[in-house]
Amino acid sequence: MQRKLAERELTEEGPRRSNGARKRRRSVTVNLAESPLAWLHARGHLDDRLFDAGERLRADYERAQLGPNVTMRWDPVRVKTTGDTGLSPTERQIAAKDRFDGALREAGKGLQDILWRVVCGCESLPAAEKALDWPARSGKLVLRLALDRVADFYRIG
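Numbering-wise (the working numbering), the sequence shown opens with residue -6 and increments by one.
As structure tokens, this is what we get:
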């Protein structure tokens, strides 16, 4: 995994000293290249099965090229196909979109929002909870339910 480390200051919130002053500020080193899903997995909040399901979903999202795009594509045109699948790049893109759509359908309507925001949109759980107007700390449970269904879809045991 790529590492892009940066120093971040913790927020000023927290207990005050008896004289009313805030405690000394602290900072932490964070990896800016780490996805929210990898962060949860590294800290034991997601097991390997759920992490693998999320990574498969994000891989299909990226292969299907569903993210924001520029209008002009400057990719070279390839006539010869690569890989053992024998599919053209367009066919591989369509197959990835079909898998992505199937995985979201398997997750269900109530779980698709948090799944897309955290896994594909790389939003942190607190940011996703706030955007969805959910109570704090509810997103982790809902995300785990969604990833469990996605793991079933991808047949990850």
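Just so you know, even glycine gets a beta-carbon here, dropped at the ideal spot from N, CA and C.
Residues bridged to residue i [DSSP beta-bridge criterion]
i	result
S20	E2
For residue j and residue i, believed in contact at Cβ under 8 Å, the rounded distance
i	j	result
R142	A100	5 Å
R98	R56	About 18 Å separates the two Cβ atoms, so there is no contact after all.
L104	A139	4 Å
R110	A96	With a Cβ gap of about 15 Å, R110 and A96 do not count as contacting.
R92	D53	5 Å
Collapsed DSSP secondary structure at residue i in the structure displayed
i	result
P29	helix
G37	coil
G47	helix
A52	helix
R130	coil
A57	coil
R142	helix
R148	coil
R(-4)	coil
Distance, residue j Cα to residue i Cα
i	j	result
K133	F146	20 Å
T83	A129	41 Å
V112	R148	18 Å
L30	S20	23 Å
I107	D94	15 Å
L43	G150	10 Å
L33	L39	6 Å
E0	W127	29 Å
D41	R51	15 Å
V135	E116	15 Å
E48	P61	19 Å
L118	E27	14 Å
K90	L(-2)	33 Å
Min CB distance residue i to chain C below 8 Å
i	result
S28	Included in the structure is just one protein chain, with no chain C present.
Sequence ranges, alpha helix (DSSP H) only - wholly within the region 68 to 127, length at least 4: 82 to 100, 102 to 108 and 118 to 124
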